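Notes for the one structure printed next.
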Ligand SMILES: Cc1ncc(COP(=O)(O)O)c(C=O)c1O
């Protein structure tokens, strides 16, 4: 007995974890600076931690009212109806819910290349095909309507990522509208704003109210520091609202995740500090790293270093975990998440040492 043919399903390649690397190097985890998964170096909001403690003894019940409270709170925040808010286990969960709601077998989705792997993974789980539109390193991964539309061939979902992972580029709202205007009525444009808080541009959520063909993804994993709890959401067109009850996995967003997200929303200082640090750190990396970098609106910076695998491996030996971008199809690049000011300075210093050593080695 075998699972179905999964040969065209690629496994997700996550950034390397601290425990895993510390064990491998035989060192204490505190000696490592982990900048490989775009996590929040300030940790979660203290208010979220308190909410988790407070509700820990109530996890014997299914998350009903916490889910309803969170949905309502998010709807208020964005001035949309509660039906338009699809709470999910991470933004990944919302990608699955949209796949379930939109895709028939043999439909196709259009995704950026390079880009976030889960769009394609989710589409394939739902028996859909995957087409790509190229983003080019030569123009700094510029995202334009023209680029997307020239690859568009009637796909059911078009994914836009703003800020884009792994490059950090953004797509202006006018371009999103141009795309939505140009494509078929039955195509949904999904704007992934997992890193939206870090960008200095407006969210596409107001567009969702003006039209019936745009949805937006958001998460508590990044600016809110709740990646380990798995909580996110999508904002969908009004016409899609009632599909949620038919496609969501019951109670997939847990009691503690919903409670923590509610508390985090009431702690704007934590988000503000997280965003401020990320903006400082991405400017610092761009300025101080001895390599070509790309303008980023996220909490990470993509750097062209020659041999991404060699640099990531050598960095790891010096206690800095960064993301080799080979799995994104960018073997010459690494992605460096923003850390605290102290960790970012230290990491850039060690990375410059690695780059200098590799350059000397190449010349020898
Ligand atoms: C562009 C993008 N979208 C979505 C996600 C999924 O985030 P989560 O499922 O943790 O909310 C990520 C995670 O790294 C991401 O980079």
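Residue numbers (the numbering used here): 6 to 369.
Glycine included, each C-beta is placed from N, C-alpha and C at the ideal position.
Just so it is clear, the structure is predicted and the values come from calculations on it, not from any experiment.
Query	Result
Can you give the Cα-Cα distance for residue 24 and residue 133, rounded to whole angstroms?	36 Å
Report back the beta-carbon spacing between residue 162 and residue 90 to the nearest angstrom; my notes put them in contact at under 8 Å.	With 8 Å as the limit, residue 162 and residue 90 do not qualify as a contact, their Cβ atoms being about 19 Å apart.
Alpha carbon to alpha carbon, how far is residue 292 from residue 252? Give it in angstroms, no decimals.	46 Å
Work out the CA separation of residue 197 and residue 282 for me, nearest whole Å.	22 Å
Compare the Cα-Cα distances from residue 151 to each of 173, 62, 184 and report the closest residue.	184
Collect the residues with a C-beta less than 6 Å away from any heavy atom of ligand 1 and give them in sequence order along the chain.	43, 95, 96, 97, 121, 166, 170, 197, 199, 224, 226, 232, 237
Can you round the beta-carbon distance between residue 101 and residue 127 to whole angstroms, since I take them to be within the 8 Å contact cut?	5 Å
In whole angstroms, give me the CA-to-CA distance for residue 182 and residue 216.	10 Å
So, helix, strand or coil for residue 200, using DSSP?	coil
How would you write the range of the alpha helix (DSSP H) that residue 282 sits in, first residue to last?	273–293
Suppose only complete runs of 3+ residues qualify. What are the beta strand (DSSP E) ranges in the segment 131–170, listed by chain order?	134–139, 162–166
How many Å lie between residue 190 and residue 26 at the Cα?	48 Å
Considering only the beta carbon of each residue, do residue 106 and residue 248 sit closer than 7 Å?	yes
Roughly how many whole angstroms lie between the Cα atoms of residue 88 and residue 66?	23 Å
Please go through the same chain and pick out, in chain order, the residues whose beta-carbon is closer than 7 Å to the beta-carbon of residue 363, but skip the five residues on each side of it.	315, 316, 319
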